[in-house]
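Undergrad: Have a look at this one before I ask anything.
4 protein chains.
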Amino acid sequence: MSRSNVYHTRVAFSDCDPAQIVFYGNYFKWFDTACFEFFWSCGVPAWRELNESRGIIGAPLVNAAAKFMNSATYGDHIAVETTITEWRGKSFVMRHVIRRGDTVLVEGEETRIFAIKDPDHPERIKAIPIPPDIRASCE
Amino acid sequence: MSRSNVYHTRVAFSDCDPAQIVFYGNYFKWFDTACFEFFWSCGVPAWRELNESRGIIGAPLVNAAAKFMNSATYGDHIAVETTITEWRGKSFVMRHVIRRGDTVLVEGEETRIFAIKDPDHPERIKAIPIPPDIRASCE
Amino acid sequence: MSRSNVYHTRVAFSDCDPAQIVFYGNYFKWFDTACFEFFWSCGVPAWRELNESRGIIGAPLVNAAAKFMNSATYGDHIAVETTITEWRGKSFVMRHVIRRGDTVLVEGEETRIFAIKDPDHPERIKAIPIPPDIRASCE
Amino acid sequence: MSRSNVYHTRVAFSDCDPAQIVFYGNYFKWFDTACFEFFWSCGVPAWRELNESRGIIGAPLVNAAAKFMNSATYGDHIAVETTITEWRGKSFVMRHVIRRGDTVLVEGEETRIFAIKDPDHPERIKAIPIPPDIRASCE
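Residue numbers (the numbering used here), protein chains in the order written: chain A, 1 to 139; chain B, 140 to 278; chain C, 279 to 417; chain D, 418 to 556.
Take a look at the structure:
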């Protein structure tokens, strides 16, 4: 059985838009924070430490998708449950489910890579093979 | 041939994250702004006017997905090209392509509805059939 | 002695900018959330309820200021301590102190009003005298 | 007479909050972007280039203040006029005025430093004396 982590937050007024509901881009912000909280919960060092020690700038996105099932508004307590559902050679898939109580609000999936600065094009980033020690920490 | 609109913006310092590249949630923010600019370009009134005149609070998301192909950083000039690729009974599909010059950075798709406050549950929203006049303005 | 409330949050990766530190605009976002948490802690209803029952759209800003003393980065646990330091006829002054452990990061002050839609200019907002019941809840 | 620069933007739906007006933290985001646009207009290299060539990570804030005079909403075209009103030994003062047409919406002031990573505490930043060449470019 794979690890999971739950990130809790409360919807702020500034997270909501003139339709009185969470602005949808913020769900991806919470996915991203939940991704970090997942790695932290597995004992993986913060990106800045991985950057200093190994040149890994973080885990940028290859693709992301979400399905919006119920809206939320400010004051709501929400929980983001995160698991890694697949490890590939140079990427991995994260699944996030956002709930308010028992109600599922959003389900989403992110495909991410571990990236370093591209040595040939310092303005670009480049995927590296999944570091086995990071994978082992998360399983 | 369907209408398209191009929304231009410049990446700000605050749009970027500690990896020095655009924080990915911001691409969805730009999709959303490009959606509005698309409707404005078609002569559809702003949501607040549709809300006052017809109770339509806006065009919330059913689902959204993006594929991240190249990164961008602050100072970059980017352009979001938006088209509606499909009209369904109660939803429509928008396609966005974000470019910096000729380089495609991100491709994405949003499925949206037109929503009103649910008369039975004022805290919720409810899809209505696509208003024919709005559809006609966009074709 | 006046009431105070402490709002706790953890700095997210997406709260930080390419200088690896919190983007300064986010401190004002946290001031705003701390303002809401303060009123909630005093039993004042959420803005949407005040809007429905009394037409009060919220507590918009007249001015805001902050002094930045130490930087913070993602992963840091921070606490925002909020008090109301002055009640005037149509405005009030909120003071926020943001700390990480014992280190003060930011001190700030907001002057806010309680606002309704201006009956003469529905696109504008208008200050009302401080509602005595709201003030009483906060003292 | 000192230089000034005007940064133009259009208020997005996602810049606004449930009160239907710009969330106030976003004015500081625009101050920050206007700050960068000001330096770019003076020929000062982007922070990432100053970082690589001289270790200057950017121009973080010492303090910031704003006075909110009129609200704005999505679709509004706004212009931020930026000047440097004072140079001190290790800091400088920027003034921003945000207008919609002839209407002043917000006036603000930022005190900033030029910062490097603190050699003694790599997690911290440290002010340096104002680089004379940068100052000369801006006058």
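The C-beta atom is built at its ideal place from N, Cα and C for all residues, glycine as well.
Small disclaimer: the values here were computed from a predicted structure and weren't measured.
Output the boundary residues of the alpha helix (DSSP H) element that contains G58/A.
TA: Walking along the first sequence from the start, residue 58/A turns up at place 58. It is not in any alpha helix (DSSP H) - G58/A instead sits in the beta strand (DSSP E) that spans 56-58.
Undergrad: Report the option in I412/C, E327/C, D354/C whose CA atom is closest to the CA atom of Q298/C.
TA: Walking along the third sequence from the start, residue 298/C turns up at place 20. Ranking the options by Cα distance to Q298/C, first place goes to D354/C.
Undergrad: How is the alpha helix (DSSP H) around T73/A delimited, first residue to last?
TA: Counting from 1 along the first sequence, the entry for residue 73/A is found at position 73. No alpha helix (DSSP H) contains T73/A, which DSSP labels as neither H nor E.
Undergrad: Identify, in the order they occur along the chain, each residue of the same chain with its Cβ nearer than 7 Å to the Cβ of T311/C, setting aside the five sequence neighbours on each side.
TA: In the third sequence, residue 311/C corresponds to position 33, counting from 1. Excluding residues within five positions, the ones whose Cβ falls inside 7 Å are Y285.
Undergrad: Please determine, among P407/C, A414/C, S415/C, the residue with the shortest C-alpha to C-alpha distance to I334/C.
TA: Residue mapping note: residue 334/C aligns to position 56 of the third sequence, counting from 1. Measuring from the Cα of I334/C, the nearest candidate turns out to be P407/C.
Undergrad: Is the stretch 204-220 of chain B close to the stretch 252-272 of chain B, with three or more CB pairs under 8 Å?
TA: Touching, no.
Undergrad: Between the stretch 320-327 of chain C and the stretch 82-95 of chain A, do at least 3 Cβ pairs fall closer than 8 Å?
TA: Short answer: they don't touch.
Undergrad: Measuring only the C-alpha atoms, how far is A41/A from H96/A?
TA: As a first step, residue 41/A must be located in the first sequence, where it is residue number 41. As a first step, residue 96/A must be located in the first sequence, where it is residue number 96. Before going further, note that residue 41/A is Ser rather than Ala in the sequence given. Cα to Cα, the separation comes out at about 15 Å.
Undergrad: Ends of the beta strand (DSSP E) at E417/C?
TA: Walking along the third sequence from the start, residue 417/C turns up at place 139. Segment: none, E417/C is in no beta strand (DSSP E) and carries neither H nor E.
Undergrad: What does DSSP give as the partner residue(s) for T111/A in the beta ladder?
TA: Counting from 1 along the first sequence, the entry for residue 111/A is found at position 111. Note: T111/A sits in a beta bridge opposite N63/A, V93/A.
Undergrad: In chain order, what residues of the stretch 168-195 of chain B put their CB closer than 8 Å to some CB of chain D?
TA: Against chain D - using a Cβ distance shorter than 8 Å - the residues of the stretch 168-195 of chain B are K168, D171, T172, F175, W179, A185, W186, R187.
Undergrad: Give, in chain order, every residue of the stretch 347-376 of chain C whose Cβ lies closer than 9 Å to some Cβ of chain B.
TA: Listed by position, the residues of the stretch 347-376 of chain C near chain B (Cβ gap below 9 Å) are T351, Y352.
Undergrad: Using a beta-carbon distance cut-off of less than 8 Å, what residues from the stretch 537-549 of chain D approach chain A?
TA: Listed in sequence order: no entries.
Undergrad: What in chain A is Cβ-close to V145/B, meaning under 7 Å?
TA: Along the second sequence, one-based indexing puts residue 145/B at 6. Here the premise fails: no neighbours, minimum Cβ distance about 20 Å.
Undergrad: To the nearest angstrom, report how far apart P409/C and A337/C are at their CA atoms.
TA: Taking the first residue of the third sequence as position 1, residue 409/C is located at position 131. Taking the first residue of the third sequence as position 1, residue 337/C is located at position 59. Looking at the two C-alpha atoms, the distance is approximately 12 Å.
Undergrad: On the CB-based measure, 16 or more other CB atoms within 10 Å of its CB, does A344/C come out buried or exposed?
TA: Mapped onto the third sequence, residue 344/C falls at position 66. Per the 10 Å Cβ criterion, buried.
Undergrad: Any idea what DSSP makes of C459/D, helix, strand or coil?
TA: If you number the fourth sequence from 1, residue 459/D lands on position 42. Note: C459/D maps to coil in three-state DSSP.
Undergrad: Is the Cβ-Cβ distance between F23/A and S431/D less than 7 Å?
TA: As a first step, residue 23/A is located in the first sequence; it is residue number 23 there, counting from the start. As a first step, residue 431/D is located in the fourth sequence; it is residue number 14 there, counting from the start. Result yes, Cβ atoms of F23/A and S431/D sit closer than 7 Å.
Undergrad: At what residues does the beta strand (DSSP E) containing S4/A begin and finish?
TA: Working through the first sequence from its first residue, we reach residue 4/A at position 4. Where S4/A is concerned, the enclosing beta strand (DSSP E) stretches over 4-10.
Undergrad: With burial defined as no fewer than 16 other Cβ atoms inside 10 Å of the residue's Cβ, what is the status of E110/A: buried or exposed?
TA: Reading the first sequence from its first residue, position 110 is the one you call residue 110/A. When all chains shown are included, E110/A counts as buried.
Undergrad: Using the Cβ count rule (16 or more neighbours within 10 Å means buried), how would you classify R112/A?
TA: As a first step, residue 112/A must be located in the first sequence, where it is residue number 112. Per the 10 Å Cβ criterion, buried.
Undergrad: Apply the 10 Å Cβ neighbour rule to G506/D and answer buried if 16 or more other Cβ atoms are within range, or exposed otherwise.
TA: Position 89 of the fourth sequence, counted from the first residue, corresponds to residue 506/D. Under this definition G506/D is an exposed residue.
Undergrad: Beta-carbon within less than 6 Å of S137/A's beta-carbon, same chain only, minus the 5 sequence neighbours each way: which residues are those?
TA: In the first sequence, residue 137/A corresponds to position 137, counting from 1. Result list for S137/A: C42, G43, V44, in chain order.
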